[in-house]
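Protein chains in written order, with this note's numbering: chain F, 50 to 330; chain A, -8 to 240; chain B, 1130 to 1418.
Beta carbons: idealized from backbone N, C-alpha and C, even for Gly.
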Amino acid sequence: MRPLLRRESVLPGFSLSLGVTSAFLGLLVLLPLAALAVKAASLGPAAFWATVTDARALAAYRLSFGASLAAAALNGLFGLLVAWVLVRYPFPGKRLVDALVDLPFALPTAVAGITLTTLYGPNGWIGRHLEPLGLKVAFTELGITVALTFIGLPFVVRTLQPVIEEMGTDAEEAAASLGAGRVQALWRVVLPTLLPAWLTGVTLALSRALGEYGSVVFIAGNMPMQTEIAPLLIMTRLEQYDYAGATAIALVMLFASLLLLLAIGTLQAWSVRRSLGEAAS
Amino acid sequence: MSIEVRDIHKRFGNHQALAGVSLKVETGSLVALLGPSGSGKTSLLRIIAGLERPDAGQVLFAGEDATRQDARHRRVGFVFQHYALFRHMNVFENVAFGLRVRGRATRPSEQDIQGRVRELLELVQLGWMADRYPSQLSGGQRQRVALARALAVEPRVLLLDEPFGALDARVRRQLRAWLRGLHDKIGLTSVFVTHDQEEALSLAHRVAVLNDGRIEQEGTPDDIARRPATPFVADFLQAEPVAICHAAQ
Amino acid sequence: MSAIVAARRAQPLTRAALSASEDSRPVRLALTAAALGFLGLFLFLPLVAVFTEALSKGGEAWVAAVSEPEARAALWLTLKVAALSVPLVTVFGVAAAWLIARFDFRGRRLLLALIDLPFAVSPVIAGLVFVLLFGRQGLFGPALAEHGVKVIFAVPGIVLATLFVTLPFVARELIPLLEAEGRDEEEAARTLGASGFQMFWRVTLPNIRFGLLYGVILANARAMGEFGAVSVVSGHIRGLTNTLPLHVEILYNEYRFQAAFAVASLLAFLAIGTLVAKALLERRIGGSR
Ligand SMILES: Nc1ncnc2c1ncn2[C@@H]1O[C@H](COP(=O)(O)OP(=O)(O)OP(=O)(O)O)[C@@H](O)[C@H]1O
Ligand SMILES: [Mg+2]
């Protein structure tokens, strides 16, 4: 049986690192999240249920999940394209483009938010050309989806890239040698190989999009029942000093995040198993 | 200095890696731990070095109990199977490491460190490589740097885990003869691990054959080769020459 | 092998031979163009737009916007918050990575999940939890008020929220790195007589230094750029609890667009610096493996 805490090791620092780690996690993560639970409990079940299911909250979840799913799907498509091109095709300036992919990670969300709003606004560089086509982006669900796509793109690209690199071209060549056409080879060999990583990336993007605030509030329009995302509703409740209401909605969103985290863990395990299995064969 | 282990037990999870191993190593002798993969050779060596704690049993240096002693105080020279050279230090600094980390009271002067390291590098015939980094060395050279590094702290015993395991056959033979010469010269009590019986029989004063966490037989190379005590030892010694013959044909 | 080479040679050179895993030139060009077009429109254009808008009224207006007292105070606070939180996150990251990568103990997987958790939590919730703890109606709010300590709507709250959102960065970088490097060198240092501190300082740290730096840079970028979590706890008191991102928001909501983008361009510089450092460090980390 494993000893309760440490496996004997000559390497020093077990107690010290355990102490530091637990102190940080306890004070910064567990205690605050416990406060969330305590506050929600103080509401009582009936009031809690009423708060998390009122029409405005439901509209906010619907929007948040809908836009996040749409953005994740877009990222699934374009992220795959970008990762494939970055790994497989040579073109000038590749390293620069590759570095640029991380921009949404590095650019503060507020900056992304005001910039996207300006670009897609009625007078913006892009919005100007879409308006005559009857496409309103800023201050609509479409704008929210654009911001969430921006924020989620690196997740898909960065999880796919190493897998495409590692995959090499052997399997495709084998498929071709067995008489498969190029499209068949891609559809039957390449895509299934990439599936676990692709799903992981899309789920990561989805998880990020669900909680995203900074890049969305500017472009969202923030009309209750129409363009108000769930994180903004939490914010609004807080500003009205309705702490219990904010907490209840936060708990719903946190629960969704945890489910996604669990899904990501499972997907990653699948991904690792898949690549180990391939290395062994 | 003599080494003795008494009735060592060690489990990893639910696998019994060592099941009651006792062994005496006389001062100045060179002993081989021989056995198939997974038989517990490395585990035993690491327990002697203090890199692993036994679940039960004792380790004695010169008759004194060292079982609870920290690895850093055992003054054991350990040569790792994959050398474990410090990647970010050049050869000189690797060898000097053990001297530089001593407390102020026992640390030699910079001049003495320089002298001592140069001397050791000469001993392992790498004096001209002091400024190179481990990644710029061949396997055999890394092996000798690892040895010089272990010797720098004037260890009381020397432990080597498959010292020639990662080398090609020719370098292996050269280094083997050289190690024997070195041992004859400095006379340091040494234990080395190998799963190559020829290596064990030709190099060591005494050989201990391990199987499945137990010592099957311990004796001179002659004893082991001529008078195998158990069917396992006989089998193990038989198996390989045949394989070698096949390979040679 | 030589048979394959011979077969390749035998193909007439005029027929541009496609290997089975290569796409035809038009497909390649079309996909590359689509990818680059998408990235140009989605990533590059916004970056250009930040600077164009920032300079839309000329260099002087830019200088004026970033040097007005409130902007300077915001910059100062942002630097202060990063200077307080990044070292703490670094200490946590090194300790957590050492613990996870070097020891096996019950609860290890749970701990690993907890380390990752802040990544999954919405920034707004990250701010909210500290309001619930330390706000006026919070669990510890009354006790703190009695002693005259202000956490929410003050700098300590901003630091706490920043710590929460940046907590995983350094640990996440170091754990795979330490696991890949193995423990041989550290054990060697121990048998050579090194103390725990000497081993860490002379062997472990030099081996992970680029990964550590990388994690610190990412944590710093997030610390300086965090908006949602900080927005909840800051109270937006001008000149006092306004960080750069919050200042951008205020300017923007006052329709002072050029000034907002001028301040935003400072943050965009930070992002570009981070990307450059990342690209450079990634090669170093890859090279040392
Ligand atoms: N840290 C560990 N955790 C779990 N099991 C271990 C550990 N170290 C060793 N073992 C197990 O203990 C047994 C003995 O291992 P050991 O390394 O001592 O064998 P060995 O004789 O050195 O083999 P080899 O010739 O392959 O190096 C093996 O079955 C191994 O899987
Ligand atoms: Mg071994």
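Using a Cβ-Cβ cutoff of less than 8 Å, which residues in the same chain neighbour residue i once the five nearest sequence positions on both sides are dropped?
i	result
residue 1282 of chain B	1362, 1363, 1364, 1366 and 1370
residue 1274 of chain B	1265
residue 161 of chain F	153, 196, 199, 200, 263 and 264
residue 1251 of chain B	1357
residue 253 of chain F	201, 204, 205, 208 and 313
Hey, residue i and residue j are a contact pair by Cβ (cut 8 Å); roughly how many whole angstroms apart?
i	j	result
residue 152 of chain A	residue 33 of chain A	6 Å
residue 208 of chain F	residue 242 of chain F	Actually they are not in contact, since the Cβ atoms of residue 208 of chain F and residue 242 of chain F sit about 13 Å apart, beyond 8 Å.
residue 179 of chain A	residue 149 of chain A	5 Å
residue 147 of chain A	residue 71 of chain A	In fact, because the Cβ distance is near 18 Å, the residues do not count as touching under 8 Å.
residue 205 of chain F	residue 263 of chain F	Incorrect: roughly 20 Å between the Cβ atoms, too far for contact.
residue 169 of chain F	residue 175 of chain F	5 Å
residue 1337 of chain B	residue 1407 of chain B	Residue 1337 of chain B to residue 1407 of chain B, Cβ: 16 Å. No contact.
residue 1280 of chain B	residue 1263 of chain B	4 Å
residue 1211 of chain B	residue 1353 of chain B	5 Å
residue 25 of chain A	residue 198 of chain A	5 Å
residue 36 of chain A	residue 182 of chain A	7 Å
residue 73 of chain F	residue 1342 of chain B	Not a contact, Cβ separation roughly 21 Å.
residue 1409 of chain B	residue 1373 of chain B	That pair is no contact at about 25 Å.
By a C-beta neighbour count over all protein chains shown, 10 Å radius and 16 as the cutoff for buried, is residue i buried or exposed?
i	result
residue 57 of chain A	buried
residue 284 of chain F	buried
residue 88 of chain F	buried
residue 282 of chain F	buried
residue 1187 of chain B	exposed
residue 228 of chain A	buried
residue 88 of chain A	buried
residue 1219 of chain B	buried
residue 1130 of chain B	With a pLDDT of 38 at residue 1130 of chain B, under the threshold of 50, the modelled position of that residue is not reliable, and the figure given next carries that caveat. When all chains shown are included, residue 1130 of chain B counts as exposed.
residue 1261 of chain B	buried
residue 241 of chain A	What the structure shows of chain A is the stretch from -8 to 240, and residue 241 of chain A is not part of that stretch, so it cannot be assessed.
residue 208 of chain A	buried
residue 290 of chain F	exposed
residue 1384 of chain B	exposed
residue 81 of chain F	buried
residue 1405 of chain B	exposed
residue 1319 of chain B	buried
Could you pull out every residue in the same chain whose Cβ sits closer than 7 Å to the Cβ of residue i, ignoring the five residues on either side in sequence?
i	result
residue 118 of chain F	255
residue 48 of chain A	-4, -3, -2, -1 and 0
residue 1102 of chain B	As displayed, chain B neither begins before 1130 nor continues past 1418, which places residue 1102 of chain B out of reach and without an answer.
residue 166 of chain A	131, 134, 155 and 158
residue 273 of chain F	105
residue 138 of chain A	70 and 115
residue 251 of chain F	121, 124, 125 and 205
Span of the alpha helix (DSSP H) holding residue i?
i	result
residue 37 of chain A	32 to 40
residue 213 of chain A	212 to 217
residue 1224 of chain B	1198 to 1231
residue 1293 of chain B	1284 to 1295
residue 286 of chain F	279 to 288
residue 1280 of chain B	No alpha helix (DSSP H) holds residue 1280 of chain B; DSSP gives it neither H nor E.
residue 331 of chain F	A question about residue 331 of chain F goes unanswered here, because the residues of chain F that appear run from 50 up to 330.
residue 1349 of chain B	1334 to 1354
residue 143 of chain F	143 to 149
What are the boundary residues of the beta strand (DSSP E) that residue i is part of?
i	result
residue 1 of chain A	-6 to 3
residue 152 of chain A	148 to 152
residue 6 of chain A	6 to 16
residue 23 of chain A	21 to 25
residue 316 of chain A	Because residue 316 of chain A is not part of the residues shown, which for chain A are -8 to 240, the question remains open.
So, at 6 Å on beta carbons, what are the nonlocal neighbours of residue i in its own chain, with the 5 sequence-adjacent residues on each side left out?
i	result
residue 1377 of chain B	1389, 1392 and 1393
residue 150 of chain F	203 and 206
residue 162 of chain A	131
residue 307 of chain F	none
Checklist entry - Curious, which full-length beta strand (DSSP E) runs of at least 3 residues does the segment 50 to 106 of chain A contain? => result 67 to 70
Checklist entry - Quick one: complete alpha helix (DSSP H) runs, 4+ long, within the segment 1371 to 1401 of chain B? => result 1373 to 1382
Next on the checklist: Report the start-end ranges of each alpha helix (DSSP H) in the segment 218 to 244 of chain F that is 4 residues or longer and not cut off at the edges.
Outcome noted: 219 to 226 and 231 to 234
Next on the checklist: My parser needs the alpha helix (DSSP H) runs of 4 or more residues fully inside the segment 55 to 134 of chain F; what are they?
Outcome noted: 63 to 74, 80 to 91 and 94 to 101
Checklist entry - Unbroken alpha helix (DSSP H) runs of length 4 or more, entirely within the segment 1158 to 1195 of chain B: which are they? => result 1174 to 1183
Checklist entry - Which ranges would you report for the alpha helix (DSSP H) in the segment 159 to 192 of chain A if only whole runs of at least 4 residues count? => result 160 to 177
Checklist entry - When you check each C-beta in the segment 1314 to 1337 of chain B against every C-beta of chain D, which residues fall closer than 8 Å? => result Here chain D cannot be found, since the structure's protein chains are F, A and B.
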